[in-house]
């Protein structure tokens, strides 16, 4: 005991960091509206950001770092893990290389989540090129983490690296795991390469429930005319699942320029497509987060209201 001080629950300590790993669909209205209408050109944004780092900083104590990571990985005590999380944050990016290696070795799903949470708390766009060095790691958990993390901080300087990884996946064919193709797809979209849309559409169709927050979190930072064009191409499909996926991705990463193509789906006889269209309008017009469930009769009334508003 330390003078009666009680360590906060890990749920509280890790809350903010977990939000960055699983980007919330419930973005603040003002932030979401800004993302839809005020995206800066990527080259201008790059000029305003700190320079990319070329090497990881060294930890002050390798022994202490190993001890804190070991404590973070323990499933026995929330209190111990919370203390380790806080200590690792205080160490900053110097803790990243060993945390990443631990991610590749860890078998516990909950412990991997805690490691990803710690990494999300200490890394930012300055580290994107160092993170990209893990695209070819032997652990698929590390590869997927690296691809998705880089996709959250678009870096045009990584175009060759991202394309190279995508080509390597293509050569592996069916041996390449779906989740890595999906993560690489997000990374391709972050460099404005429309090749990435196909695996993201497939994931939206097959894994929307578990990946919706992540897809929304990544695509919200990638809104552009180029992504609009690719999404509208998928919206023209005759397959209902493809149309639904396109509408969901338009809400996640489209701009108001897509609304004329979205509007006809407000009249759809398919309840799912109608709700997807309503959500696209909520995000792109009102800057409000999408609703995962809308009762049928309420959806009919909302569709009428949006038709009158557009």
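Residue numbers (my numbering): 4 to 313.
Glycine included, every Cβ here is placed at the ideal spot set by N, Cα and C.
- Annotated three-state conformation of residue 258 is coil, per DSSP.
- Rounded to the nearest whole angstrom, the CA to CA distance from residue 120 to residue 59 is 19 Å.
- Between residue 100 and residue 56, the CB-CB gap reaches or exceeds 9 Å.
- Beta-carbon to beta-carbon, residue 207 and residue 248 are separated by about 4 Å, close enough to satisfy the 8 Å threshold.
- In this structure, residue 252 lies away from residue 265, with their beta-carbon atoms at least 9 Å apart.
- When C-alpha distances from residue 290 are compared across 304, 282 and 296, the shortest belongs to 282.
- Secondary structure note for residue 210: its alpha helix (DSSP H) is the uninterrupted segment 200 to 222.
- CA-to-CA, the gap between residue 255 and residue 209 works out to about 17 Å.
- Contact annotation, residue 143 with residue 165: C-beta distance approximately 17 Å; criterion of less than 8 Å not satisfied.
- Within the same chain, Cβ atoms closer than 7 Å to the Cβ of residue 198 are found at 169 and 191, the five residues on either side in sequence being excluded.
- Here the alpha carbon of residue 85 sits roughly 48 Å from the alpha carbon of residue 312.
- Going by C-alpha positions, residue 75 is about 7 Å away from residue 118.
- Nearest in C-alpha terms to residue 123, of all of 108, 91, 137 and 308, is 91.
- According to the DSSP assignment, residue 155 belongs to the alpha helix (DSSP H) that extends over 143 to 155.
- Rounded to whole angstroms, residue 288 and residue 83 show a C-alpha spacing of 45 Å.
- Taking the CA atoms as reference points, residue 205 sits about 17 Å from residue 220.
- In the same chain as residue 305, and ignoring 5 residues on each side of it, the C-beta atoms closer than 8 Å to its own belong to 281 and 297, in chain order.
- Taking the Cα positions, residue 188 is about 7 Å away from residue 201.
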